[in-house]
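A short write-up of the structure that comes next.
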Ligand code: PMP
């Protein structure tokens, strides 16, 4: 597996993109599926399915351990995927990419290992009001263990997090700023580059939750200037159970291992063990080999089309979606920031979001309803839950219209 290309190598054509996704060919309740739940998880293109199946069918073996041919091939594919992902996010070094189960595990790893080593009683961690639970609860666990304090930068009613709002909460006790790049509820694209720059000038470490940025933005850790970044494979057309933590090499070097076992050691005796080099120091036990290989293929797939090209296609979908929903009187959009990815949350006056989701399902439209693992954000908008339509490279304007038509009909009949 080679590295991912930096410029698109394929022309974008939504029909041909769609045809690569077997899941999108199926029907639900006898109607063509309209999949608008990509912020929860994305279907996988054939290239990813083939990469996973290729490992399972042709070179199933454990990595890093045996000298036989299958293990050599598996290790090459697995480490090749690391190279592909490192290149995808423009990491200075491939060793800076630690495989994890996903964003949640990546943030927990960072909080446990970096947090317990670098933070002390009285130090502050700064988050924002729009964080996913995955970027809240690990810091609360750390608060219980170490005694840190958590500050929360507010957002505007439109769902904008300004650099100034973040700066206002920074004091000389702030040691870490940890923020979502793109909100999974509001779709807001946060000014992470400017925030990381301001933090760096003040000697503050930065962690970016890129769970939603990987499928919707051009993720370049050097351009963003963050110290660490977390992501999930299954939100970027890759498999579930695989993702990563990227962090600056010197940070990883100084961080202690967080799980012990095979692969993460150099030597073991009952008296003392020594740790393997980065990144394997953080990868105890047999990893998700097929998942990593599939994720490498997913990064390659996105890179071939071009993240910017995908984002501009999704922007068209977003504009159509907002236009159609704005025209429905009882719909209230939650999150109307000027810089938004194709994630649209809304509530309908007098209708419970779960009912809306269930009725939409009858029209074969798959959306998410609930709190989206962002309870504090729900409280900020004084709602318990929202309906969320989230788009991907494979969605069409016709699907957005089918969704909006179904919504109008539901309101007419049940509302
Ligand atoms: N952060 C954000 C912004 C997310 O959207 C999600 C997934 N909804 C997560 C973190 C957690 O990702 P995962 O469940 O894949 O670990």
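In the working numbering, the protein residues as written are 1 to 415.
Where is the CB? At the ideal position from N, CA and C, for every residue including glycine.
Classify residue i as helix, strand or coil using the three-state DSSP reduction.
{"i": "residue 33", "result": "coil"}
{"i": "residue 273", "result": "strand"}
{"i": "residue 162", "result": "coil"}
{"i": "residue 242", "result": "coil"}
{"i": "residue 332", "result": "strand"}
{"i": "residue 155", "result": "coil"}
{"i": "residue 127", "result": "strand"}
{"i": "residue 370", "result": "strand"}
{"i": "residue 9", "result": "coil"}
{"i": "residue 173", "result": "coil"}
{"i": "residue 205", "result": "strand"}
{"i": "residue 149", "result": "strand"}
{"i": "residue 214", "result": "helix"}
{"i": "residue 298", "result": "helix"}
In or out: residue i buried (at least 16 other Cβ within 10 Å) or exposed?
{"i": "residue 227", "result": "buried"}
{"i": "residue 113", "result": "buried"}
{"i": "residue 31", "result": "exposed"}
{"i": "residue 51", "result": "buried"}
{"i": "residue 390", "result": "buried"}
Taking 7 angstroms as the line, does the beta carbon of residue i fall inside it for any heavy atom of the ligand PMP?
{"i": "residue 232", "result": "yes"}
{"i": "residue 40", "result": "yes"}
{"i": "residue 209", "result": "yes"}
{"i": "residue 288", "result": "no"}
{"i": "residue 416", "result": "Since the displayed the chain opens at 1 and closes at 415, residue 416 lies outside it and no answer follows."}
{"i": "residue 243", "result": "yes"}
{"i": "residue 212", "result": "yes"}
{"i": "residue 134", "result": "yes"}
{"i": "residue 103", "result": "yes"}
{"i": "residue 51", "result": "no"}
{"i": "residue 292", "result": "no"}
{"i": "residue 180", "result": "yes"}
{"i": "residue 184", "result": "yes"}
Go through its chain and collect everything with a Cβ distance to residue i's Cβ below 6 angstroms, but skip five positions before and after it.
{"i": "residue 392", "result": "38 and 42"}
{"i": "residue 383", "result": "347"}
{"i": "residue 47", "result": "297 and 301"}
{"i": "residue 404", "result": "324"}
{"i": "residue 370", "result": "385"}
Could you name the residues of the same chain whose beta carbon sits closer than 8 angstroms to that of residue i, not counting the 5 residues immediately before and after it, in chain order?
{"i": "residue 117", "result": "254, 255 and 256"}
{"i": "residue 261", "result": "284 and 285"}
From residue i to residue j, what distance separates their C-alpha atoms?
{"i": "residue 295", "j": "residue 171", "result": "39 angstroms"}
{"i": "residue 25", "j": "residue 33", "result": "8 angstroms"}
{"i": "residue 128", "j": "residue 372", "result": "16 angstroms"}
{"i": "residue 407", "j": "residue 35", "result": "15 angstroms"}
{"i": "residue 433", "j": "residue 379", "result": "Residue 433 lies beyond the residue range present for the chain, which begins at 1 and ends at 415; the question has no answer from this structure."}
{"i": "residue 142", "j": "residue 150", "result": "10 angstroms"}
{"i": "residue 54", "j": "residue 354", "result": "39 angstroms"}
{"i": "residue 345", "j": "residue 318", "result": "11 angstroms"}
{"i": "residue 105", "j": "residue 138", "result": "9 angstroms"}
{"i": "residue 159", "j": "residue 283", "result": "37 angstroms"}
Within the same chain, show all residues whose beta-carbon is closer than 7 angstroms to that of residue i, passing over the 5 residues directly before and after it, in chain order.
{"i": "residue 2", "result": "Its pLDDT being 40, under 50, residue 2 is placed unreliably by the model, and nothing is read from it."}
{"i": "residue 64", "result": "75 and 263"}
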